[in-house]
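Heads up, the thing below is written out as structure tokens.
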Amino acid sequence: MSSGKRILRQISFSPDHPSLAGHFPGNPVLPGVVILDYVRQCIEEWKRLTVDASCLKSVKFLSPVLMSDTCVQIMDITLVDKSTDILQTIKIEFTCLQNDNLIAQGLWVFQADRSQ
Numbered sequence: 000m001s002s003g004k005r006i007l008r009q010i011s012f013s014p015d016h017p018s019l020a021g022h023f024p025g026n027p028v029l030p031g032v033v034i035l036d037y038v039r040q041c042i043e044e045w046k047r048l049t050v051d052a053s054c055l056k057s058v059k060f061l062s063p064v065l066m067s068d069t070c071v072q073i074m075d076i077t078l079v080d081k082s083t084d085i086l087q088t089i090k091i092e093f094t095c096l097q098n099d100n101l102i103a104q105g106l107w108v109f110q111a112d113r114s115q
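So in our numbering, spot 26 of the sequence shown is number 25, and the numbers just go up one at a time.
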């Protein structure tokens, strides 16, 4: 099974969000964990299931997402289902672009009950 989904996600982030204080002072960069949380949310919306007890088989952060004063960013997330029916394991390849720049990519693997 191999199918894809492209999602444009607007990210709104308060300039005084606690994760930006140390990431990095004077030059705020969106933390990778926040990017991954948006990817997780997109997977959950697309597949209509909860992503938990999961494993990031690979993830690369290739370009920083610099946070401006407005702290609103548009992220272009592409998800591709690389699952097989074996053991109900779901494998999702993801890429995240911002202004056509590749900022992150990886493979998220998790178990799910497909009968729901």
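Glycine included, each C-beta is placed from N, C-alpha and C at the ideal position.
Burial is judged here by how many other beta carbons sit within 10 angstroms of a residue's own beta carbon; V32 has fewer than 16 and is exposed. In this model, T77 and P24 are separated by some 30 Å (Cα to Cα). In the DSSP assignment, E92 forms a beta bridge with V79, L106. Residue burial is scored here from C-beta neighbours: A20 has fewer than 16 other C-beta atoms within 10 angstroms and is therefore classed as exposed. Of the residues Q104, Q40, L48, Q87, the one whose Cα lies closest to the Cα of V58 is Q104. A residue is called buried when at least 16 other Cβ atoms come within 10 angstroms of its Cβ; L29 meets this threshold and is buried. With fewer than 16 other Cβ atoms inside 10 Å of its own Cβ, R47 counts as exposed.
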